[in-house]
Amino acid sequence: MDNLDHAAIGQRIKMLRKKKGLSQTELAQMLGKSLRTVQKYETGEIEVSISVINQIAEILETSSTYLFGYESGTTQIKSLSDVMDFLFKLENVAGIDFHIDVKKPPRSKEWSCSISFDGKSAAEFNADMCLFLEQWQQEREDVQSFASTLEAYKKWKDTTLAYYAANTVETVEPQELDPDERIRKRNEFLENAYKKTE
């Protein structure tokens, strides 16, 4: 979690602790930590683990994502274009590789489209995406089948977002190629595609 601003996390913990009327000693006792450890959390001298952040969030009646400084849900989805724009942005994220699968008549009886991530791909974050989607599927099923509460689902979402907030990604815009280079790369692509189907 090296990409996080530990001093800012500490300031948020301190502000909420004071707002709740707790001393550092009281917070330390509730966490089962030493006073010095809580002091170091608040000054940003040491990293706060995700499990401790979750504990602190519960004690201070806030979200883990807030403590980490990740603002989820700040952008409103107002139209289908907003959803599509997000998907367009996904293709520029370095470390994520995905495929768009389309099934439609007359080649298929169904009409379905999906985005898939190969968890065994060399792309750095594909395995994380697969693990996330697998768990999301289970959490959604649990809520929809009334095996879990909406509150538990919201807590899982917050914890998941907080956990991955430290994994920053880089976006890379595709480059426009001159016509000769594009044709060369197209021919190379087709050769590789035909080799795979043989």
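Residues are numbered in the working numbering as their position in the sequence shown, beginning at 1, plus a constant of 266.
Ideal Cβ positions, reconstructed from N, Cα and C, are used throughout, including at glycine.
Computed from a prediction, not measured in an experiment: that's the story for all the values here.
query, result
"Environment of M281 [buried if 16+ CB atoms lie within 10 Å]", "exposed"
"Segments of 4+ residues assigned as alpha helix (DSSP H) that fall wholly inside the region 321–409", "330–334, 346–356"
"Neighbourhood of I343 by C-beta, 7 Å cutoff - its chain only, sequence neighbours within 5 removed", "V349"
"DSSP state of T434 mapped onto helix, strand, coil", "coil"
"Residues near W377 in its chain [Cβ-Cβ closer than 8 Å; skip 5 each side]", "K369, K370, P371"
"C-beta contact flag for A413 and G335 at 9 Å", "no"
"Beta-carbon proximity list for L293, same chain, < 6 Å, skipping 5 on both sides", "R283, V304"
"Test item: CB-CB of A389 and F383 under 9 Å", "yes"
"CA-to-CA distance, K285 to I275, given in whole angstroms", "15 Å"
"Inter-residue CB distance, S330 and T425 (contact presumed, cutoff 8 Å)", "6 Å"
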